[in-house]
Every structure is written in C-alpha cells, then in structure tokens.
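In my numbering, the protein residues as written are -13 to 266.
Quick reminder that beta carbons are idealized off the backbone N, C-alpha and C, glycines included.
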Amino acid sequence: MSDERRYYQESAAFIRQQMRHAPEVAIVLGSGLGGFADAVTNAVSIPYENIPHFPTSTVQGHRGRLVIGELEGRAVLVQQGRSHFYEGYTMQQVTYAVRVMYTLGIKTLILTNAAGGVNPTYRVGELMLIEDHINLVGMVGNNPLMGKNDDTLGPRFLGMSHAYDRQLRDLARRVAQEADVPMHSGVYMALSGPMFETPAEVRFVRAAGADAVGMSTVHEVLVARHMGMRVLAFSGITNQSIDSLDSEHDANHEEVLEAGRVLVPRLTRVLLGVLRELPA
Ligand code: HPA
C-alpha cells in the first residue's frame, strides 16, 4: 500500500471512532459560508488539528473542523473550512480531505465557495450553480492528479466532460426555484490567489468564458471525479469583479465574509432541499 493510501486510512479510522453516523454525503463550506454547519443535528465536531495527517486551514472565516451528523434525515459530513493552494499547501494536501471522505465511504460531494461575479448580470448575494469550470491553475501545471497515479483509486487519464452531475444539477435548479432562491448557472474559473484580479485579468477571465472566479473547488472536483464520486457545486457571489481601472472600489476579504451573511440562508434552503430529495 502507498504511504498516501495509509494516511487516508489512518485519518478515516480516527474520524470513524468519533462519529455516530456513517455519512453518505459530504459538504464543503467556502469562505463566509461556515454558518451552514449550524443546521446539522446530532452533531459531532472534530477539529482538523486532532485528525492525523489532516491539513489545517489558516484563513480567517474558515473554522477548521468536520461536523458529522444529520440533515433532513441523512447522515452528512460537513467540512467547515478548507485548505487552499495559496496557503502554501501542495495540491495533494488541498485535496486530502476529499480522499478521506471517499475512504469513509462517501460517494456524493457537494462543494461551495465564495466567488467574484465576472458575469456583469450577477449581483452580490446570488448563488451560481457550477455547470462547468476552467481550471487555469491546473492548465498551467498545478493539479492534484499530477505525479504517480494510484490505479486502485482511479484512472491515469480522466475524462472531464461530465464533472458536475447532471441529475444533481437539475435537482438543485428545481429546488432553488421552488424555494424562491435566485440562482444562476455558469462556469467557474479557478485562479491560485491570494490576490484578487486586476481589471485586465477580470476581462480576460470573462473573455475566456467564465461567469465567476475563485481560488478553490476545482482541485477537489478533480480528485472526487478521479475516484468516481458524484459532484455538485455552488458559488456564492460575494463581490462583483472590477473590470475597469476607473473604479474607486477594490475587492477585499471583509466584503467576501459580509456577503456570506446573505448567502448562508439562501444556500441553506437549496442544500436542505437537495438533501431531502437526493436519490439514495
Ligand atoms: N476573486 C477570486 N476569488 C474570490 C473572489 C474574487 O473576486 N471573491 C471571493 N473569492
């Protein structure tokens, strides 16, 4: 067995000892969206620093713990805070939690993030269902599937035409509509951060076909798809990306966290609806 595989199993074994439910679904909460975890009932919380080999999050607005319990009668594992590439972690560390989730038997992964609205029709506080992505970080050579492939986990060459599960996307759109939550469907582009974009970069991102831009998520999608997990993902639009040098405004982390206050109740309505109706 590879060292990595042994680490996943040691992390999973530690988590298993503490949890009362075997989770079927994992939910990753992005910046400012951690409040969703409060909805979990019969919860057990495990700080990352207690879990062997687990990377910790150093970012303000990320709690850094797993919350395992129930939502809408389903056993869930909520990752409250993630680690990012810009924190200096390797791509393998950034996606470590997803490998552990799979090792715990979880087959469905729901990812969320805070994102800049590059599409000029997007407003702060709206959700975007991620239909597809542009992995700019990966395209320039930083992605977690580089290096030796563990063929027992997944294939060397991975197709990405159906990264975001169509059935789950249809379900999410229906649920959002029924719950009266404004939600776009669009393309997410991943940049490394930690800087926000220059106006020229925003115009570049838009011209390339992205509707929202952020610093996470796609790496986790790659690893989840590598192991055959079903993926659903949402961006919360926390700021409108600035495409002109004449703007007085500059993007900042405070506005990202502030927008989370509007986004959490909306995201909660959509996620609970999805969990209620998720096919077993
Ligand atoms: N750019 C990149 N990442 C982000 C942004 C942004 O404007 N907002 C929240 N995360």
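Going by DSSP, what residue range makes up the beta strand (DSSP E) through residue i?
{"i": "V191", "result": "Element bounds for V191: not the beta strand (DSSP E) but the alpha helix (DSSP H), P185 to A193."}
{"i": "M175", "result": "M169 to A176"}
{"i": "L63", "result": "R60 to Q66"}
{"i": "S233", "result": "Per DSSP, S233 belongs to no beta strand (DSSP E) and is neither H nor E."}
{"i": "Q226", "result": "R216 to Q226"}
{"i": "L31", "result": "One detail in the question is off: residue 31 reads as Ser in this sequence, not Leu. Here the beta strand (DSSP E) through S31 covers T27 to P33."}
{"i": "V199", "result": "A198 to G200"}
{"i": "T98", "result": "T94 to G103"}
{"i": "L52", "result": "R51 to L57"}
{"i": "L304", "result": "Past the boundaries of the shown model lies residue 304; the chain is included only from -13 to 266, so the question cannot be answered."}
Measuring CB to CB, does residue i end up less than 9 Å from residue j?
{"i": "L19", "j": "N129", "result": "no"}
{"i": "G175", "j": "V191", "result": "It should be pointed out that residue 175 corresponds to Met in this sequence rather than to Gly. Against a cut-off of 9 Å, the Cβ pair of V191 and M175 comes out as a contact."}
{"i": "A25", "j": "T254", "result": "yes"}
{"i": "S202", "j": "H70", "result": "yes"}
{"i": "V84", "j": "A210", "result": "yes"}
{"i": "V161", "j": "V104", "result": "no"}
{"i": "A158", "j": "V260", "result": "yes"}
{"i": "S(-3)", "j": "Y75", "result": "no"}
{"i": "I120", "j": "V173", "result": "yes"}
{"i": "L249", "j": "G67", "result": "no"}
{"i": "V204", "j": "S227", "result": "no"}
{"i": "L231", "j": "P185", "result": "yes"}
{"i": "L57", "j": "I32", "result": "no"}
{"i": "P9", "j": "I92", "result": "yes"}
{"i": "M87", "j": "A(-1)", "result": "no"}
{"i": "M77", "j": "M132", "result": "yes"}
{"i": "A196", "j": "V256", "result": "no"}
{"i": "S178", "j": "Y72", "result": "yes"}
{"i": "R2", "j": "L90", "result": "yes"}
For residue i, does the count of other Cβ atoms within 10 angstroms reach 16, so buried, or fall short, so exposed?
{"i": "V126", "result": "exposed"}
{"i": "E206", "result": "buried"}
{"i": "H235", "result": "exposed"}
{"i": "P38", "result": "exposed"}
{"i": "S43", "result": "buried"}
{"i": "G50", "result": "buried"}
{"i": "M114", "result": "buried"}
{"i": "H170", "result": "buried"}
{"i": "R247", "result": "exposed"}
{"i": "N28", "result": "exposed"}
{"i": "H138", "result": "According to the sequence provided, residue 138 is Thr. The question's His does not apply to it. Its Cβ having fewer than 16 others within 10 Å, T138 is exposed."}
{"i": "A149", "result": "buried"}
{"i": "Q65", "result": "buried"}
{"i": "L154", "result": "buried"}
{"i": "M181", "result": "exposed"}
{"i": "D229", "result": "buried"}
{"i": "N36", "result": "exposed"}
{"i": "L208", "result": "buried"}
{"i": "T107", "result": "exposed"}
{"i": "N225", "result": "buried"}
{"i": "A245", "result": "buried"}
{"i": "E263", "result": "exposed"}
{"i": "E183", "result": "buried"}
{"i": "S271", "result": "Residue 271 is absent from the structure shown; the chain starts at -13 and stops at 266."}
Alpha helix (DSSP H) containing residue i: first to last residue?
{"i": "H205", "result": "V204 to H212"}
{"i": "R(-9)", "result": "D(-11) to Q4"}
{"i": "V251", "result": "First, the residue type needs correcting, since residue 251 is Pro and not Val in the sequence shown. Segment H239 to E263, the alpha helix (DSSP H) holding P251."}
{"i": "V110", "result": "Careful: V110 lies outside any alpha helix (DSSP H) and carries neither H nor E."}
{"i": "T89", "result": "Y82 to T89"}
{"i": "R152", "result": "R152 to E164"}
{"i": "G124", "result": "L122 to M125"}
Using a C-beta cutoff of 9 Å, does residue i count as contacting chain D?
{"i": "L258", "result": "Absence of chain D from the displayed structure is noted, only one protein chain being present."}
Between the segment -11 to -4 and the segment 214 to 229, can you find at least three pairs of beta-carbon atoms closer than 8 Å?
no
Is there contact between the segment -1 to 17 and the segment 86 to 99, where contact requires at least three CB pairs shorter than 8 Å?
yes
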